[in-house]
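Peer 1: Just so you know, the sequence shown maps onto residues 97 to 454 in the numbering used here.
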Amino acid sequence: MTSVTVRVEGPDPYDVVIGTGVLGALPAMVGDRARTVAVVHAAGLPEIARPVVGVLERAGHTVHALPVPDGEAAKDVAVLAGLWSRFAGLGMTRTDAVVGVGGGATTDLAGFAAASWLRGVPAVLVPTTLLAMVDAAVGGKTGINIPEGKNLVGAFHPPAGVVCDLATLVTLERDDYISGLAEVVKAGLIADPRILELVEDDPEGAARPDGPHTRELIERAVRVKAGVVGADLKEAGLREILNYGHTLAHAIEKAEEYRFRHGHAVAIGMVYAAELACLAGRLPEKEVDRHRAVLTSVGLPTSYGAEAWPALRAAMTIDKKSRGSTLRFVVLDGIAEPGRLEGPDEDLLAAAYRKVAK
Ligand SMILES: NC(=O)c1ccc[n+]([C@@H]2O[C@H](COP(=O)([O-])OP(=O)(O)OC[C@H]3O[C@@H](n4cnc5c(N)ncnc54)[C@H](O)[C@@H]3O)[C@@H](O)[C@H]2O)c1
Ligand SMILES: O=C(O)C(=O)C[C@@H](O)[C@H](O)[C@H](O)COP(=O)(O)O
Ligand SMILES: [Zn+2]
Numbered sequence: 097m098t099s100v101t102v103r104v105e106g107p108d109p110y111d112v113v114i115g116t117g118v119l120g121a122l123p124a125m126v127g128d129r130a131r132t133v134a135v136v137h138a139a140g141l142p143e144i145a146r147p148v149v150g151v152l153e154r155a156g157h158t159v160h161a162l163p164v165p166d167g168e169a170a171k172d173v174a175v176l177a178g179l180w181s182r183f184a185g186l187g188m189t190r191t192d193a194v195v196g197v198g199g200g201a202t203t204d205l206a207g208f209a210a211a212s213w214l215r216g217v218p219a220v221l222v223p224t225t226l227l228a229m230v231d232a233a234v235g236g237k238t239g240i241n242i243p244e245g246k247n248l249v250g251a252f253h254p255p256a257g258v259v260c261d262l263a264t265l266v267t268l269e270r271d272d273y274i275s276g277l278a279e280v281v282k283a284g285l286i287a288d289p290r291i292l293e294l295v296e297d298d299p300e301g302a303a304r305p306d307g308p309h310t311r312e313l314i315e316r317a318v319r320v321k322a323g324v325v326g327a328d329l330k331e332a333g334l335r336e337i338l339n340y341g342h343t344l345a346h347a348i349e350k351a352e353e354y355r356f357r358h359g360h361a362v363a364i365g366m367v368y369a370a371e372l373a374c375l376a377g378r379l380p381e382k383e384v385d386r387h388r389a390v391l392t393s394v395g396l397p398t399s400y401g402a403e404a405w406p407a408l409r410a411a412m413t414i415d416k417k418s419r420g421s422t423l424r425f426v427v428l429d430g431i432a433e434p435g436r437l438e439g440p441d442e443d444l445l446a447a448a449y450r451k452v453a454k
């Protein structure tokens with residue numbers, strides 16, 4: 097199968113290579129200057145990390161595999177501090193490199209470890225979940241969680257390259273694959289309606305890594321992300337659209353102590369944002385119905401407990417899009433027409449939540 101390369105523009109442009117058996121692209125991204133390469137990988141994925149280590153060793157690097165906890169548990173300050181100690185022990189200098197292998201949690205952690213070590217060393221990312229391929233590994237947002245909130249500590253640190261080997265997706269748990277579809281659908285809702293049509297025409301196929309349109313869905317979502325972050329790396333404005341659904345989603349993740357899949361939370365959050373826009377007279381009801389239908393069709397949730405509202409409302413206050421005490425939401429005025437809703441009143445916020453509450 098041939099590969100496709102998506103270029104991400106910005107201060108330091110880089111490539112996202114998508115295909116099967118594409119690890120050969122890694123050495124050029126890591127570069128000749130790196131003597132030591134730290135391969136930070138999810139502990140449960142040694143068989144995926146092994147070929148990464150192998151390809152880099154054959155390219156002449158001294159490679160160290162550094163396992164970290166699987167999933168969201170990796171995005172923790174103690175895990176990050178452990179990596180700093182390992183980097184110190186390996187004598188890593190600014191010409192050395194970090195390679196992150198795993199889902200979005202692992203690439204967020206590895207990226208932040210690279211951003212913070214010596215104030216910044218190169219990071220190359222090898223995402224192994226759908227969500228990490230289409231979203232987390234692209235764009236340079238890195239970070240960890242703290243008990244007070246999701247991704248509250250981090251840095252913008254674009255990778256030197258991203259390699260998406262589609263072969264890795266076959267071992268993903270079904271719910272983890274479906275979680276990634278939420279970010280794919282998000283890309284469709286904010287920018288590329290063809291994504292929505294592909295999912296709506298064959299939701300069962302969209303929910304499998306061997307589906308007929310998997311590659312096109314991934315490529316389209318990566319192109320949406322690349323286009324946005326290439327124009328606005330540091331989220332001065334445009335990039336906020338990638339946060340569609342995330343204001344409520346991050347509050348749900350915090351309430352669930354980060355044991356709730358990110359994509360599942362984003363699915364609920366996007367329906368909430370759609371309900372908000374509808375109640376504010378900006379989005380027709382039929383488009384809210386379309387949100388629910390497309391997300392439900394692939395097995396994503398669209399509702400959450402009614403009793404959770406006070407805690408969720410409190411958690412939304414420190415969303416990164418807030419300015420002072422003013423909450424700001426990404427909303428849609430139509431499909432692929434993102435806008436902002438600033439300082440909605442409390443009755444509107446609560447009324448929209450009642451529409452997603454179960
Ligand atoms: N930086 C960004 O721009 C950005 C964008 C979107 C999401 N994120 C973050 O990404 C995280 C979610 O990422 P995720 O959905 O990939 O979840 P994840 O990283 O938690 O991975 C889910 C599970 O799948 C396992 N796994 C990974 N690859 C596998 C494979 N090929 N086969 C079998 N198992 C595999 C992981 O070890 C983990 O247990 C969240 O922390 C979210 O905040 C970041
Ligand atoms: O890349 C972005 O920008 C996004 O907002 C993408 C989101 O899917 C992602 O979950 C991101 O990590 C959320 O960022 P945050 O700034 O709200 O923590
Ligand atoms: Zn997200």
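Cβ atoms here follow ideal geometry from the backbone N, Cα and C, with glycine treated the same way. Only a predicted model underlies this, so the values are computations on that prediction, with no experimental measurement involved.
Cβ-heavy atom distance between residue 275 and ligand 1 below 8 angstroms?
Peer 2: By one-based count along the sequence shown, residue 275 stands at place 179. True, at least one ligand heavy atom lies under 8 angstroms from that Cβ.
Peer 1: For residue 342, verify whether its CB is less than 8 angstroms away from any heavy atom of ligand 3.
Peer 2: Indexing the sequence shown from 1 puts residue 342 at position 246. Yes, since a heavy atom of ligand 3 falls inside the 8 angstroms radius drawn around the Cβ of residue 342.
Peer 1: Tell me whether residue 190 sits in a helix, a strand or coil according to DSSP, three-state version.
Peer 2: Here the question's residue 190 lines up with position 94 in the sequence shown. Three-state result, residue 190: coil.
Peer 1: Touching or not, the region 191 to 204 and the region 228 to 237, by the rule of three or more beta carbon pairs under 8 angstroms?
Peer 2: Flag = yes, the region 191 to 204 and the region 228 to 237 touch.
Peer 1: Can you list, in chain order, the residues of its chain whose CB lies under 7 angstroms from that of residue 232, leaving out five sequence neighbours each side?
Peer 2: As a position in the sequence shown, residue 232 is number 136, starting the count at 1. 200, 203, 204 and 223.
Peer 1: Mapping DSSP to helix, strand and coil, what is residue 83?
Peer 2: Since the first and last residues shown for the chain are 97 and 454, residue 83 lies out of range.
Peer 1: Evaluate residue 419 with the Cβ neighbour count: other Cβ atoms within 10 Å of its Cβ, from every protein chain shown; 16 or more gives buried, anything less gives exposed.
Peer 2: Within the sequence shown, numbered from 1, the residue matching residue 419 stands at position 323. With fewer than 16 Cβ atoms within 10 Å of its Cβ, residue 419 is classed as exposed.
Peer 1: Under a three-way DSSP split, which group does residue 217 fall into?
Peer 2: Taking the first residue of the sequence shown as position 1, residue 217 is located at position 121. In the structure shown, residue 217 sits in coil (DSSP, three-state: anything other than H, G, I, E or B).
Peer 1: What are the boundary residues of the beta strand (DSSP E) that residue 437 is part of?
Peer 2: As a position in the sequence shown, residue 437 is number 341, starting the count at 1. Start and end: 434 to 438.
Peer 1: Taking the C-alpha atoms as reference points, what is the distance between residue 293 and residue 322?
Peer 2: Translated into positions along the sequence shown, residue 293 becomes position 197. Translated into positions along the sequence shown, residue 322 becomes position 226. Their Cα atoms are separated by approximately 21 angstroms.
Peer 1: What's the C-alpha gap between residue 265 and residue 147?
Peer 2: One-based indexing of the sequence shown puts residue 265 at position 169. One-based indexing of the sequence shown puts residue 147 at position 51. So the alpha carbons of these two residues sit roughly 15 angstroms apart.
Peer 1: Closer than 6 angstroms by C-beta to residue 257: which residues in its own chain qualify, once you throw out the five before and the five after it? Chain order, please.
Peer 2: The residue given as residue 257 occupies position 161 in the sequence shown. Only 110, 111, 125 and 220 meet the Cβ criterion.
Peer 1: Could you tell me which of 397, 393 and 368 sits nearest to residue 384, measuring between CA atoms?
Peer 2: Reading the sequence shown from its first residue, position 288 is the one you call residue 384. Among 397, 393 and 368, the Cα nearest to that of residue 384 is on 368.
Peer 1: Among the candidates 130, 332 and 113, whose CA atom is the shortest distance from the CA of residue 218?
Peer 2: In the sequence shown, residue 218 corresponds to position 122, counting from 1. With distances taken between Cα atoms, residue 218 lies closest to 130.
Peer 1: Could you give the residue range of the alpha helix (DSSP H) that holds residue 385?
Peer 2: Position 289 of the sequence shown, counted from the first residue, corresponds to residue 385. Residue 385 -> alpha helix (DSSP H) spans 381 to 393.
Peer 1: What three-state label does DSSP hand residue 307 in the structure shown?
Peer 2: Within the sequence shown, numbered from 1, the residue matching residue 307 stands at position 211. In the structure shown, residue 307 sits in coil (DSSP, three-state: anything other than H, G, I, E or B).
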